[in-house]
Amino acid sequence: MILKKALQENYPILSTPDLIEEIMKVGQVHEMEVDEILIDINQNVKNLPLLLEGSVKILREDEQGNEVFLYYVDQGNTCAATLTCCMDSKKSNVRAIVEEKAVFLSIPYEYMDIWMEKYKAWRDFILSTYSIRFEELLKAVDQLAFKKMDQRIANFLSEKSKLIHSKLIKISHQQIAYDLNTSREVVSRILKQMEKEGLVKISRGQLELLD
DNA sequence: ACATTAAGTGATT
DNA sequence: AATCACTTAATGT
Numbered sequence: 143m144i145l146k147k148a149l150q151e152n153y154p155i156l157s158t159p160d161l162i163e164e165i166m167k168v169g170q171v172h173e174m175e176v177d178e179i180l181i182d183i184n185q186n187v188k189n190l191p192l193l194l195e196g197s198v199k200i201l202r203e204d205e206q207g208n209e210v211f212l213y214y215v216d217q218g219n220t221c222a223a224t225l226t227c228c229m230d231s232k233k234s235n236v237r238a239i240v241e242e243k244a245v246f247l248s249i250p251y252e253y254m255d256i257w258m259e260k261y262k263a264w265r266d267f268i269l270s271t272y273s274i275r276f277e278e279l280l281k282a283v284d285q286l287a288f289k290k291m292d293q294r295i296a297n298f299l300s301e302k303s304k305l306i307h308s309k310l311i312k313i314s315h316q317q318i319a320y321d322l323n324t325s326r327e328v329v330s331r332i333l334k335q336m337e338k339e340g341l342v343k344i345s346r347g348q349l350e351l352l353d
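Heads up: the first sequence begins at 143 in this note's numbering, then just goes up one per residue.
This is the structure:
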């Protein structure tokens, strides 16, 4: 079956045959289009999504509704923040928006505990996604705390470029400003500077990373 | 041709 | 680095 293959390719760590079978049995395949909200803040999370295709952007929001980009989750991964919520079906503290058309397996949260006891592969999987995401989070934190806007923008763009495997990024200055919680003018000015330095080529609604 | 939206700029805090 | 007010340029209808 094609699904099984996708699962094995994207999640080699879950290779235990019995576990694969169970995942296939209880997991529901879902598809979501770009910009759809996979998980919203304060939403009760009762399913764990295992991304098979596409990618998702994880955002944090403050009391005033300002959003800040945290990190991307791509295929073969799941979000640790979601995982935490999923463990006992708590409310999400982040928002997950589909960045690239996503296909994922939705696992009801009841199985989290059961599989933790039953399968070593599952435990390893959970632990490793925790540590991967923890590092991502630390990266995000010191970006926010210590880096200046120009570095944050440069970083944001290179992450994005890596994610979509393209140097051509279709995004407006406004959208970048929104993701990094700054103003459009600042983004425009920094981008202009980067262009002078030969780092990017800007055109309306899209930009290209140069080397 | 006109309206709409993206991007550029200077001044101010 | 943020905000404002305004201009200029690109794009859609």
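Virtual Cβ for every residue (Gly too), placed ideally from N, Cα, C.
| task | Just confirm the distance between the C-beta atoms of residue 235 and residue 223, as a whole number of angstroms; I'd bet it's less than 8 angstroms. | result | Counted from its first residue, the first sequence places residue 235 at position 93. Counted from its first residue, the first sequence places residue 223 at position 81. Between residue 223 and residue 235 the Cβ distance is about 6 angstroms, and since that is below 8 angstroms, they are a contact.
| query | Leaving out five residues before and five after residue 229 in sequence, what residues of the same chain have Cβ atoms less than 8 angstroms from its Cβ? | reply | Working through the first sequence from its first residue, we reach residue 229 at position 87. Around residue 229: 251, 254, 255.
| message | Quick check on DSSP: helix, strand or coil for residue 182? | response | Reading the first sequence from its first residue, position 40 is the one you call residue 182. DSSP places residue 182 outside both helix and strand once states are collapsed to three, so it counts as coil.
| field | C-beta atoms of residue 238 and residue 181 nearer than 8 angstroms | value | Along the first sequence, one-based indexing puts residue 238 at 96. Along the first sequence, one-based indexing puts residue 181 at 39. In contact: residue 238 and residue 181 (Cβ atoms closer than 8 angstroms).
| residue 344 to residue 206 span [Cα, whole Å] | The residue you call residue 344 lines up with position 202 of the first sequence. The residue you call residue 206 lines up with position 64 of the first sequence. In a straight line, the C-alpha of residue 344 is about 31 angstroms away from that of residue 206.
| message | On the DSSP letters alone, give me the boundaries of the beta strand (DSSP E) that residue 156 sits inside. | response | The residue you call residue 156 lines up with position 14 of the first sequence. Note, residue 156: premise wrong, no beta strand (DSSP E); not H, not E.
| request: Identify which residue in 326, 302, 240, 248 has its Cα closest to the Cα of residue 188. | output: Along the first sequence, one-based indexing puts residue 188 at 46. For the residues 326, 302, 240, 248, the minimum Cα distance to residue 188 belongs to 248.
| said: Tell me the DSSP secondary structure of residue 143 in three-state form. | reply: As a working mapping, residue 143 is identified with position 1 in the first sequence. DSSP places residue 143 in coil when its eight states are reduced to three.
| Going by beta carbon distance, what residues of the same chain come within less than 8 angstroms of residue 348, once the five residues before and after it are set aside? | Here the question's residue 348 lines up with position 206 in the first sequence. Excluding positions up to five away in sequence, the list reads 310, 311, 312, 313.
| query | What is the rounded straight-line gap between the Cα of residue 154 and the Cα of residue 290? | reply | Sequence index remark: in the first sequence, residue 154 carries index 12 (1-based). Sequence index remark: in the first sequence, residue 290 carries index 148 (1-based). When rounded, the distance between both Cα atoms is 38 angstroms.
| Contact belief for residue 199 with residue 241 at Cβ below 8 angstroms, rounded distance in angstroms | Here the question's residue 199 lines up with position 57 in the first sequence. Here the question's residue 241 lines up with position 99 in the first sequence. Cβ-Cβ separation between residue 199 and residue 241: approximately 5 angstroms, consistent with a contact (criterion under 8 angstroms).
| said: Short of 6 angstroms in beta carbon distance, which residues of its chain neighbour residue 156, apart from the five on each side in sequence? Order them along the chain. | reply: Here the question's residue 156 lines up with position 14 in the first sequence. Only residues of its own chain outside the window of five on either side were considered, and among them 263, 267 have a CB closer than 6 angstroms to the CB of residue 156, listed in chain order.
| DSSP on residue 315, reduced to helix/strand/coil? | Sequence index remark: in the first sequence, residue 315 carries index 173 (1-based). DSSP, read as helix, strand or coil, puts residue 315 in helix.
| Between the Cα of residue 336 and the Cα atoms of 350, 160, 273, which residue gives the shortest distance? | Position 194 of the first sequence, counting from 1, holds the residue named residue 336. Checked all of 350, 160, 273; the closest Cα to residue 336 is 350.
| request: Check whether the Cβ atoms of residue 210 and residue 201 sit closer than 8 angstroms, and answer yes or no. | output: Numbered from its first residue, the first sequence carries residue 210 at position 68. Numbered from its first residue, the first sequence carries residue 201 at position 59. It is a contact, given that the beta carbons lie within the stated cut-off.
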